[in-house]
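Convert by adding 113 to the 1-based position in the sequence shown; the result is the number in our numbering. We put the beta carbon where it would ideally sit given N, CA and C, even for glycine. All values reported here derive from a predicted model rather than from experimental measurement. Here is the structure we will look at, set down as structure tokens.
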Amino acid sequence: MSASVISAFGTNFLGSAPRWYKKTILAFLATNIVLLYTAGPYITGWALVLEFIFTLAMALKCYPLQPGGLLALEAIALGMVSPEVIYHEAQTNFPVLLLLIFMVAGIYFMKDLLLFTFTKILLGVRSKALLSLLFSIAAALLSAFLDALTVTAVLISVAVGFYSVYHKVASGKHFNHSHDHGNDDELRAQHREDLEQFRAFLRSLLMHGAVGTALGGVCTLVGEPQNLLIAQVAGWDFAAFFLTMAPVTMPVLVAGLLTCLVLEKTGWFGYGTLLPNDVRLILEDYNREQSENMHPKVVAQLWVQGLVAAFLVLGLAFHMAEVGLIGLAVIVLLTSFNGVIEEHQLGKAFEEALPFAALLVVFFAIVGVIHTQHLFTPIISWILDTNNVAPSAQPGAFFLANGILSMISDNVFVATVYISEVKASFDAGNISREQFELLAAAINTGTNLPSVATPNGQAAFLFLLTSAIAPLIRLSYGTMVVMAMPYTLVMTTVGYIAVSLWL
114 MSASVISAFG
124 TNFLGSAPRW
134 YKKTILAFLA
144 TNIVLLYTAG
154 PYITGWALVL
164 EFIFTLAMAL
174 KCYPLQPGGL
184 LALEAIALGM
194 VSPEVIYHEA
204 QTNFPVLLLL
214 IFMVAGIYFM
224 KDLLLFTFTK
234 ILLGVRSKAL
244 LSLLFSIAAA
254 LLSAFLDALT
264 VTAVLISVAV
274 GFYSVYHKVA
284 SGKHFNHSHD
294 HGNDDELRAQ
304 HREDLEQFRA
314 FLRSLLMHGA
324 VGTALGGVCT
334 LVGEPQNLLI
344 AQVAGWDFAA
354 FFLTMAPVTM
364 PVLVAGLLTC
374 LVLEKTGWFG
384 YGTLLPNDVR
394 LILEDYNREQ
404 SENMHPKVVA
414 QLWVQGLVAA
424 FLVLGLAFHM
434 AEVGLIGLAV
444 IVLLTSFNGV
454 IEEHQLGKAF
464 EEALPFAALL
474 VVFFAIVGVI
484 HTQHLFTPII
494 SWILDTNNVA
504 PSAQPGAFFL
514 ANGILSMISD
524 NVFVATVYIS
534 EVKASFDAGN
544 ISREQFELLA
554 AAINTGTNLP
564 SVATPNGQAA
574 FLFLLTSAIA
584 PLIRLSYGTM
594 VVMAMPYTLV
604 MTTVGYIAVS
614 LWL
């Protein structure tokens, strides 16, 4: 084999990723083999988890599906997880996959209404602090009754719409011209500084909204998947769940919203950037033109999107069907009544969701390693042992332990493992019913609140990190961690105090 062909193999491996990144992934793959036969599967399992987190952190260098997938395939080859376990994880999370495939595509066909509505809000609210608070409150309210991924998909669609409108004009084109908003080559020099400021503006709004989904999602039985799981095990209905969690969730909600205002007023941690005046003028021109040239066909399309949006909210609020199936209904209704019937038109809607759905299945493989190798079991056993942690201190300990583990793993998986162990302890007569409910509440709040620290802690955060908007506004893993840090500290501190004192 010629040297040029061998060189081509190296070039093709992970495509345009930096050479140091390619060498790092190869080093991970080689190290895991050595670790398995020297340190054992438990240490190797933790190494795999940390390596996968590294691929997420470097998402702007290389989409995590490929390097993370290689790690997952190696884990199978080394016998650290079986395909059957991964399939079981995928089956368990099938509603989430359905949601991603159909709901995100459904939101795509609603983008005209979303851009129209949010443009009015953006231009009507001059105060950045008030605008950020509105984004956070709206995300919290929606996530309390809808799904955080759906709400995040709406925020992403709106941000992409704003960005594409400005980028098109800043590149010397008209609103109705075709344009690649991912290419800065045509960008005029006088707009480059404004574009950087606009990126920072959008980053802060999206992060406020993403944290808002966590603030609202923890409050209700339907807010997050693990909420429903824990409620079923504990025997709580909607009202009982809300009232049980309220001593923790309400103080955290207030503290989170106050944090939003403080960050915008102080400009700490990357927040506080204002909308550039030139960007505002362009968006105002766009809004004016859209309003003046709104043909009957466009008006009809907006009406259809508005009616379908109402159906979406009602369908999700009353749980008429699985979220993904409601998303499929949204696709059928919007495309049928708005004339989108060509296959290539439909295909564009799925471009955003399918890569993330594939990445999520790879993530389930890593979760399978955690489950198969019992990586979390020693922590659970240690906390449940009253010789180590007194019963009165166990809720606080569970809150922190769940929070830390949820920062590095899937919070639904962490909740599943912990509530199963606690239920087994209750069934065995080791803890009382009252203690069991306290620990269940601590597990729920622990997996929902501190997990905002990293993108891999919450599916909505991971979706945002790997979405089309992230590279456009330079939202990297590290940036998300830094911007989430003040929220993490406030929500974890207030949550821990509330769990320790009032549960």
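Three-state class that DSSP yields for Y384 in the structure shown: coil
Reduced DSSP secondary structure (H/G/I, E/B, other) of L300: coil
Short Cβ contact (8 Å threshold) for V417 with N451: yes
K281 versus E202: straight-line alpha-carbon distance, rounded: The straight-line gap separating the alpha-carbon atoms of K281 and E202 is approximately 42 Å.
Close beta carbons around L552, own chain, < 7 Å, minus the five adjacent residues each side: Q507, P508, F511, V535, listed in sequence order.
Close beta carbons around A555, own chain, < 6 Å, minus the five adjacent residues each side: P508, F511, F512, V612
Top-ranked residue by Cα proximity to I199, from A242, E405, I483: I483
When Y531, L396, Y134 are compared against L236, the one with the closest alpha-carbon: With distances taken between Cα atoms, L236 lies closest to L396.
Cβ-Cβ distance between F229 and Q458 below 8 Å: no
Cut-off 7 Å between Cβ atoms - residues of its own chain near V475, not counting five sequence neighbours on either side: Within the same chain, V475 has close Cβ partners L178, G181, G182, A185.
Cβ contact check for the stretch 381-392 and the stretch 259-268: 3 or more pairs under 8 Å: no
Neighbour-count burial assignment, T558, 16 or more Cβ in a 10 Å radius: buried
Candidates P154, L211, Y221, D297, of which the one nearest A188 by Cα: P154
Cβ pair count under 8 Å reaching 3, the stretch 241-254 against the stretch 412-432: No contact exists between the stretch 241-254 and the stretch 412-432.
Runs of alpha helix (DSSP H) wholly within the stretch 533-587 (minimum 4 residues, chain order): 546-561, 572-578, 582-585
Cβ-based burial, D260 [other Cβ within 10 Å; buried from 16]: buried
Proximal residues to L127 (C-beta, below 8 Å), its chain only, five neighbours per side dropped: Excluding positions up to five away in sequence, the list reads Y134, K135, I138, C175, Q179, P180.
Element boundaries [alpha helix (DSSP H), containing A253]: 241-258
Status (buried if at least 16 other CB within 10 Å, exposed otherwise) for F389: Correcting the residue type first, residue 389 is Pro in the shown sequence and not Phe. It is buried - the Cβ of P389 has at least 16 other Cβ atoms within 10 Å.
Residue interval of the alpha helix (DSSP H) (run including D225): Per DSSP, D225 belongs to the alpha helix (DSSP H) from 224-237.
H321, DSSP secondary structure in three states: Assigned with DSSP and collapsed to three states, H321 falls in helix.
Span separating the alpha-carbon of V194 from that of A302: 52 Å
Where C373 falls: helix, strand or coil (DSSP): helix
Option nearest F275 by Cα separation, candidates A478, L441, F215, F311: F311
Exposure of T144, with buried meaning 16 or more beta-carbon neighbours within 10 Å: Burial call: exposed.
C-beta contact flag for V264 and T326 at 8 Å: yes
Exposed unless 16 or more other CB atoms sit within 10 angstroms - verdict on N561: With 16 or more Cβ atoms within 10 Å of its Cβ, N561 is classed as buried.
Any 3 or more C-beta pairs closer than 8 Å across the stretch 514-521 and the stretch 489-497: yes
Buried versus exposed, by CB contacts within 10 Å (16 or more), H432: exposed
Distance between N406 and A583 (C-alpha atoms, nearest Å): The alpha-carbon atoms of A583 and N406 are separated by roughly 32 Å.
C-beta atoms of T567 and V527 nearer than 8 Å: Their beta carbons are not under 8 Å apart, which means T567 does not touch V527 by this criterion.
Spatially closest choice to I439 from L212, D391, G330, by CA coordinates: L212
Residue burial classification, F314 (beta-carbon count within 10 angstroms, cutoff 16): buried
Whole-Å CB distance - W159 paired with L575, under 8 Å assumed: The beta-carbon distance between W159 and L575, rounded to whole angstroms, is 20 Å. This is too long to meet the 8 Å contact definition.
DSSP three-state assignment for H487, whether helix, strand or coil: coil
Among I156, L472, N125, T605, the one whose alpha carbon lies nearest that of T485: Check the Cα spacing between T485 and each of I156, L472, N125, T605: the tightest is with I156.
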